[in-house]
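For reference, the structure discussed in these notes is given below.
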Amino acid sequence: MADRVGFIGLGIMGKPMARNLAAAGFELVVYNRSRNDVDALVADGDAFEAAASPREVAERTGVVITMLPDSPEVREVVFGDSGLLEAMGGGHLLVDMSTIAPATSIEVEAALRERGARALDAPVSGGDKGAIAGTLSIMVGGEAADLERAMPLFEAMGKTIVHVGGAGAGQVVKACNQVAVAVNYAALSEALVLGMKSGVDPEKILQVLGGGLANSRVLEMRGATMIEGRFEPGFRVDLHRKDLGIALATARASGAPLPVTAVVGQLFEAAAVAGRGDLDHSALLTVVEEMAGLKIAPPG
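The numbering of the sequence shown is my numbering, which starts it at 51 and goes up by one.
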C-alpha cells in the first residue's frame with residue numbers, strides 16, 4: 051500500500067491541516083469539490099498531487115483523511131458515485147476529522163469494516179488558529195491499533211490527542227465540546243452587554259474577566275475581536291448551529307436533558323436568520339446586543 055496520505059476537504063480548517071502534514075514530511079493526494087483549493091495546494095510544491103475524485107484518492111493512498119462540513123457530505127464522499135467505498139479494502143484506513151452525527155460515523159465504520167478496511171472518527175477543536183498552528187485538540191473514536199497507525203498524522207496537526215472510545219465516541223465528545231464552547235460564547239456575550247448597559251468600558255470587562263475564574267480560551271482568543279466587531283470566520287455560525295443540532299439530537303437519543311444548550315441553540319438560530327451564518331461564531335454577541343437595544347461594536 052502506498053505511503054502517501056489522501057486528504058479530502060480543503061476549507062478553512064482542511065487546507066492548513068494539509069499544509070502541516072506536508073511540513074511534517076508527508077506526501078499528499080488531495081481532492082476538494084472546489085478545484086481552486088486543490089490548485090492552491092498543488093502550487094505550494096511537490097508534496098501535493100491532485101486527484102479527480104474521492105475514489106482516486108483511495109486508489110493512490112493507504113490512509114485517507116476527510117475534513118468535511120456535515121454528515122451528508124461525508125456520506126457522499128464515502129458512499130456516492132466515485133466514492134471512497136468503491137476503492138477501499140484491506141489495509142486502508144479512513145480518518146474522518148469532520149464533525150458529524152455519531153450515527154453516521156458508526157455507519158461508515160461498519161461499511162468499511164465489511165470490506166476489510168478500518169475507520170476512525172477524529173473530530174477536532176481549536177478553530178482555524180489551531181489548524182494553522184498545528185495545535186488542534188483531536189478526540190478519537192475507534193480501535194487503539196488504528197489510532198497507533200494514525201498517530202504520526204495526528205501529531206503533525208494537533209497537540210492534544212485523546213482516544214475517547216469506540217466508533218462514534220469521537221463525535222460524541224466533539225458534541226460535548228461544542229456545547230461548552232457555545233454556552234461560553236453566550237455567557238461572555240451577556241457579560242459584555244450587561245457591563246456596557248451599565249456604562250462600563252468593555253475592554254476593562256475583558257481585563258477583569260481574564261484575570262479570574264471567568265477566564266476561558268473563548269475570551270482569550272475572541273474577546274478582543276468581539277468588542278471590536280471583527281467577525282471574520284474562523285468557525286462559522288452556521289457550522290456551530292449545525293453542531294448544536296447534533297448535540298441536541300444525541301442528547302435526545304441518550305436521555306440527557308440539555309436545557310441551557312437548547313436556549314443557546316436558539317440564539318445561534320437567530321444569528322443565522324439575521325443573515326450572519328457566514329460570520330465567526332463569536333458573532334453571537336450581535337444577537338445579545340440587539341435584544342438589549344445596544345451596539346457595542348461596529349458591524350463585522
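Even glycine gets a Cβ: it sits at the ideal position worked out from N, Cα and C. Quick caveat: nothing in here was measured; it's all calculated off a predicted structure.
Exercise. Is there contact between the segment 237-246 and the segment 256-272, where contact requires at least three CB pairs shorter than 8 Å?
Worked result: yes
Exercise. How many Å lie between D178 and A303 at the Cα?
Worked result: 31 Å
Exercise. Taking the alpha-carbon positions, what's the V174 to M341 distance?
Worked result: 32 Å
Exercise. Who are the near neighbours of L269 in its chain, counting only those whose CB is closer than 7 Å to its CB and skipping five residues on each side?
Worked result: L238, L256, L259 and G260
Exercise. Beta-carbon separation of P152 and T275 under 8 Å?
Worked result: Going by C-beta atoms, P152 is not nearer than 8 Å to T275.
For this session: Can you tell me which of the three DSSP states F129 falls into?
Result: helix
Exercise. Leaving out the 5 sequence neighbours to the left and right, which residues in its chain are closer than 8 Å to L135 when beta-carbon positions are compared?
Worked result: Residues of the same chain with a CB within less than 8 Å of the CB of L135, apart from the 5 flanking positions on each side, are V128, F129, A161, L162 and R165 in chain order.
For this session: Return the chain-ordered list of same chain residues with a C-beta closer than 7 Å to the C-beta of H290, the five sequence neighbours on each side being excluded.
Result: Q228, A232, F318 and H331
Problem set entry | Strand pairing of D171, partner residues [DSSP] | D146 and G191
Exercise. Which whole-angstrom value describes the C-beta separation of R105 and G133, a residue pair presumed to lie in contact below a C-beta threshold of 8 Å?
Worked result: 6 Å
Exercise. If we count the other Cβ atoms within 10 Å of its Cβ and call it buried at 16 or more, is S148 buried or exposed?
Worked result: buried
Exercise. Which class does K209 belong to by DSSP, given the choice of helix, strand or coil?
Worked result: strand
Exercise. Three or more beta-carbon pairs under 8 Å between the segment 88-101 and the segment 62-75, yes or no?
Worked result: Contact between the segment 88-101 and the segment 62-75 is present, because at least three Cβ pairs lie under 8 Å.
For this session: Compare the C-alpha of I296 against each of N265, A312, S187 and F281 and name the closest.
Result: Of the listed residues, the one whose Cα sits closest to I296 is A312.
Problem set entry | I62 - DSSP class collapsed to helix/strand/coil | coil
Exercise. Is G64 buried or exposed, if buried means 16 or more other CB atoms sit within 10 Å of its CB?
Worked result: buried
Exercise. With C-beta atoms as the reference, is D120 less than 8 Å away from I150?
Worked result: yes
Exercise. With burial defined as no fewer than 16 other Cβ atoms inside 10 Å of the residue's Cβ, what is the status of L344: buried or exposed?
Worked result: exposed
Problem set entry | Enclosing alpha helix (DSSP H) for A161 [first to last residue] | P152 to E164
Exercise. Can you list, in chain order, the stretches of the alpha helix (DSSP H) that have 4 or more residues and sit fully within the segment 73-111?
Worked result: 85-92 and 104-110
Problem set entry | Where the beta strand (DSSP E) containing T275 begins and where it ends | No beta strand (DSSP E) contains T275, which is instead part of the alpha helix (DSSP H) from R267 to I277.
Exercise. Under the three-state reduction of DSSP, which class applies to T116: helix, strand or coil?
Worked result: strand
For this session: Take S103 and list the residues in its own chain whose beta-carbon comes closer than 7 Å to its own, dropping the five residues that flank it on each side.
Result: Y81 and S132
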